[in-house]
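Enquirer: Please find one structure pasted underneath; my questions will follow.
Laid out in structure tokens, this is it:
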């Protein structure tokens, strides 16, 4: 059973058909009784492990290119905007929009340089002014054009 017998209740494995007979890439689960069994206190626990050598083998066998960066980046400016940006991002993700959310904070200039380096096509900027007006600033990286969209139309307009 490959050492999974000490798990209690939940146990899981991630398998890859690219690995042949030993297809487990990672595994883990709960082992609530293990610490007590080894002479320690009765402590519930959860853990997992990954086989880095197996991960490397799978990555070598993967055909094609790595997934492209999302075509749009949402940059919140300020704490209030960060909360609203997360709500907007979740709504867009639920609608199937591929979008990255800038979560590091920091300067707009730095985030824009990062977007340019990653080849992101559209940058959405949400600050206090935009929130107050119910809008979002949109910068098209290829042309440098900047415009303002109503917040409620972001998903529809990104698909155009």
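Residue numbers (full-length UniProt numbering): 1 to 160.
Quick reminder that beta carbons are idealized off the backbone N, C-alpha and C, glycines included.
Computed from a prediction, not measured in an experiment: that's the story for all the values here.
Counting beta carbon pairs with one atom in the stretch 130-147 and one in the stretch 95-108, are three or more of them shorter than 8 Å?
Expert: Output reads no: the stretch 130-147 does not touch the stretch 95-108.
Enquirer: Specify the secondary structure class of residue 55 as computed by DSSP and reduced to three states.
Expert: Here the question's residue 55 lines up with position 55 in the chain shown. In the structure shown, residue 55 sits in a helix (DSSP, three-state: H, G or I).
Enquirer: Kindly indicate which three-state DSSP category residue 27 falls into: helix, strand or coil?
Expert: By 1-based counting over the chain shown, the position of residue 27 is 27. Strand at residue 27.
Enquirer: Could you check where the beta strand (DSSP E) with residue 11 kicks off and where it finishes?
Expert: Translated into positions along the chain shown, residue 11 becomes position 11. Run containing residue 11: 11-15, per the beta strand (DSSP E) assignment.
Enquirer: For residue 43, count neighbouring Cβ atoms within 10 angstroms of its own Cβ and tell me buried if that reaches 16, exposed if not.
Expert: As a first step, residue 43 must be located in the chain shown, where it is residue number 43. Exposed, because fewer than 16 other Cβ atoms sit within 10 Å of the Cβ of residue 43.
Enquirer: Does the stretch 32-52 come close enough to the stretch 78-87 that 3 or more CB-CB pairs lie under 8 Å?
Expert: Segments in contact, no.
Enquirer: Where residue 93 and residue 118 are concerned, what is the direct C-alpha to C-alpha distance, given to the nearest angstrom?
Expert: Position 93 of the chain shown, counted from the start, is the residue given in the question as residue 93. Position 118 of the chain shown, counted from the start, is the residue given in the question as residue 118. Cα to Cα, residue 93 sits roughly 20 Å from residue 118.
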